[in-house]
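At position 192 of the sequence shown (counting the first as 1) the number is 192 in UniProt numbering, and the numbers step up by one without a gap. The next block holds one structure in the form of structure tokens; read it before the comments.
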Amino acid sequence: MACMIPTADDKFDWEGDSLLKYPQRDLILYEMHVRGFTQHESSRTEFPGTYLGVVEKLGHLKELGVNCIELMPCHEFNELEYYDYNSVFGDYKVNFWGYSTVNYFSPMTRYSSAGTLNCGHDAINEFKLLVREAHKRGIEVFMDVVFNHTAEGNERGPILSFKGVDNSVYYMLAPKGEFYNYSGCGNTFNCNHPVVRQFILDCLRYWVIEMHVDGFRFDLASIMTRSSSLWDAVNVFGSPIEGDLVTTGTPLGSPPLIEMMSNDPILRDVKLIAEAWDAGGLYQVGMFPHWHIWSEWNGKYRDIVRQFIKGTDGFSGAFAECLCGSPGLYQEGGRKPWNSINFVCAHDGFTLADLVTYNEKHNLANGEDNNDGENHNNSWNCGQEGELASISVKKLRKRQMRNFFLCLMVSQGVPMIHMGDEYGHTKGGNNNTYCHDNYINYFWWDKKEESSSDFFRFCRLMTKFRHQLAVNVSPLA
Numbered sequence: 001m002a003c004m005i006p007t008a009d010d011k012f013d014w015e016g017d018s019l020l021k022y023p024q025r026d027l028i029l030y031e032m033h034v035r036g037f038t039q040h041e042s043s044r045t046e047f048p049g050t051y052l053g054v055v056e057k058l059g060h061l062k063e064l065g066v067n068c069i070e071l072m073p074c075h076e077f078n079e080l081e082y083y084d085y086n087s088v089f090g091d092y093k094v095n096f097w098g099y100s101t102v103n104y105f106s107p108m109t110r111y112s113s114a115g116t117l118n119c120g121h122d123a124i125n126e127f128k129l130l131v132r133e134a135h136k137r138g139i140e141v142f143m144d145v146v147f148n149h150t151a152e153g154n155e156r157g158p159i160l161s162f163k164g165v166d167n168s169v170y171y172m173l174a175p176k177g178e179f180y181n182y183s184g185c186g187n188t189f190n191c192n193h194p195v196v197r198q199f200i201l202d203c204l205r206y207w208v209i210e211m212h213v214d215g216f217r218f219d220l221a222s223i224m225t226r227s228s229s230l231w232d233a234v235n236v237f238g239s240p241i242e243g244d245l246v247t248t249g250t251p252l253g254s255p256p257l258i259e260m261m262s263n264d265p266i267l268r269d270v271k272l273i274a275e276a277w278d279a280g281g282l283y284q285v286g287m288f289p290h291w292h293i294w295s296e297w298n299g300k301y302r303d304i305v306r307q308f309i310k311g312t313d314g315f316s317g318a319f320a321e322c323l324c325g326s327p328g329l330y331q332e333g334g335r336k337p338w339n340s341i342n343f344v345c346a347h348d349g350f351t352l353a354d355l356v357t358y359n360e361k362h363n364l365a366n367g368e369d370n371n372d373g374e375n376h377n378n379s380w381n382c383g384q385e386g387e388l389a390s391i392s393v394k395k396l397r398k399r400q401m402r403n404f405f406l407c408l409m410v411s412q413g414v415p416m417i418h419m420g421d422e423y424g425h426t427k428g429g430n431n432n433t434y435c436h437d438n439y440i441n442y443f444w445w446d447k448k449e450e451s452s453s454d455f456f457r458f459c460r461l462m463t464k465f466r467h468q469l470a471v472n473v474s475p476l477a
């Protein structure tokens, strides 16, 4: 257990570092996978696929013009969770994305230069080094965190930690012991139980105080608004029951965890971003309990912009709202345009290049008979399915990619770029690459550097234009 929870090394030299505390209105986010960013051989880094590898490539982010990186899960997770031979690639399926936490207080050890050696001390120091060096270059660091479920699966899953400590406290349980599954991953973390919410608060404070993290994006955050087990039996929160019958998992208007995070003296000074939905059907985009602090991944922005740019009739008015910061979602609730995190693509779904290349998902390599991943992508292949296409179709695709990126940069709100979209990375139409530790998820540095490709230059000029334009400084904002 000591190797899983290494003691902090107080000898690390922060060199006077502190949180950057940029106004949120000025941010341009970049969603990044630590291993995927430099694991490809074309990165030519000394420590590919690691925190140090990211440090070596921070210059690329400055060149692109982003001032905040959102790191996909860096808590310790079980990479072998889906371990199985993959005949398509001739390798093994793994948990590549990392949305299945094992230890919330440990940075992913296999992202360090020493791997699992040295009981994780190198992982702590190298994560700190990444944050410090990013801050030196004017780049904030956010973490994508997963408090909606853990790696312990359902009632038949492994006992790794919380189940063995107190199963009924840490998970939402039905009367006969079955696990509620609002996460779609087998279990649901009992976030609004007083013990669990204190654990979450302690964890987040640790990453801010000890690791100097500037903000958090919460995966399937709507689960954190659901009532805990036994809410309807015992008023454990010291506040009145909401409604006549509040049962396990009922959405709460004022969830205790979200309220405490919003008023916490440490956490209220960092950025808090909700993925405002879950796998249980709760969709709260524009309605997430916010205390005027929280922002949201604006999934409606993504869907509307995709529909409009591919030419679907009837979306002109909705598209105009997207350009103006989605006031119908945020202004009426007392928030600002920059409480909307605008994105066209993210890790979950098509890349920007695939969005204009495929009408259908192509996920056979995942081993689930193409049944996994989103079926409704609002994509358009510009006339031919797949990368092999006529010159005219390829020209149209490039124009559409520019249209999407231009829209993202001139819209009020906070834009988020997905890693690799700045050079046109393709995953071959696979929109759910959670299990591939190979080239399909790696950043291809040689593609970015190809002289024949000018899309990166366009993206760089557009981010510069956005900074100069001060999009969020206007009467509407």
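Glycine included, every Cβ here is placed at the ideal spot set by N, Cα and C.
In this structure the segment 392-405 does not touch the segment 328-342; the number of beta carbon pairs closer than 8 angstroms is below three.
Take the alpha-carbon of V102 and the one of R44: they are about 31 angstroms apart. Considered as a whole, the segment 248-321 harbours 271-274, 295-297 as its complete beta strand (DSSP E) runs of no fewer than 3 residues, in chain order. The beta carbon of G383 lies closer than 6 angstroms to those of V393 in the same chain, with the five residues before and after it left out.
For I341, the enclosing beta strand (DSSP E) covers residues 340-342. With 16 or more other CB atoms across the displayed protein chains lying within 10 angstroms of its CB, H425 is buried.
Judged by DSSP in its simplified three-state form, C68 adopts strand.
The three-state reading of DSSP puts Y85 in strand, counting E and B together. Three or more beta-carbon pairs separated by less than 8 angstroms link the segment 219-230 to the segment 159-173, which places the two stretches in contact. Under the DSSP assignment, R217 falls in the beta strand (DSSP E) whose first and last residues are 215-218.
In the three-state scheme derived from DSSP, where H, G and I count as helix and E and B as strand, K57 is classed as coil.
Here F315 has I304, Q307, F308 as same chain residues with Cβ atoms under 7 angstroms from its own Cβ, once five neighbours each way along the sequence are excluded. A residue is called buried when at least 16 other Cβ atoms come within 10 angstroms of its Cβ; V54 meets this threshold and is buried. Secondary structure at M143: strand, using DSSP grouped into helix, strand and coil. By the beta-carbon neighbour count (other beta carbons within 10 angstroms, threshold 16), D454 is exposed. Around the beta-carbon of T247, fewer than 16 other beta-carbon atoms lie within 10 Å, marking it exposed. Spatial neighbours of W14 in its own chain (CB-CB distance under 8 angstroms, excluding positions within 5 residues in sequence) are listed in chain order as K128, R132, H212. Per DSSP, the beta bridge partners of F77 are T101. In the structure shown, M419 falls within a coil segment according to DSSP collapsed to helix, strand and coil. Counting of Cβ neighbours within 10 angstroms places E296 among the buried residues, the total reaching 16 or more. The Cβ-Cβ distance between K271 and G215 falls below 8 angstroms. Taken through DSSP and simplified to helix, strand or coil, M409 comes out as helix. Annotated as distal: V169 and V145, with beta-carbon spacing of 8 angstroms or more.
Within the DSSP secondary-structure output, R226 pairs in a beta bridge with P251.
For L469, the enclosing alpha helix (DSSP H) stretches over residues 455-469.
Residue state for M32 is assigned as strand, using DSSP reduced to three classes.
Closest option to R156, judged by alpha-carbon separation, among Y83, D166, R137, G186: G186. Taking C-beta separations shorter than 7 angstroms and ignoring five residues to either side along the sequence, the partners of N472 in its chain run R25, P337, W338, Q412, following chain order. Between A365 and N86, the C-beta spacing is below 8 angstroms.
Each residue's CA atom was taken as its position, placing D348 and N431 some 7 angstroms apart.
Ranking H60, I139, T150, N298 by CA distance to the CA of Y423 puts H60 first. Sequence-distant partners of G138 (beyond 5 residues in either direction) whose C-beta falls short of 8 angstroms from its own C-beta, in its chain, are L20, K62, N67. Burial check for Y83: the Cβ neighbour count within 10 Å stays below 16, so the residue is exposed. Secondary structure of S113 (DSSP, three-state): coil. A contact is defined here as three or more CB-CB pairs under 8 angstroms, and the segment 29-49 fails this definition with respect to the segment 368-384. At the C-beta level, D446 and S113 stay beyond 8 angstroms of one another.
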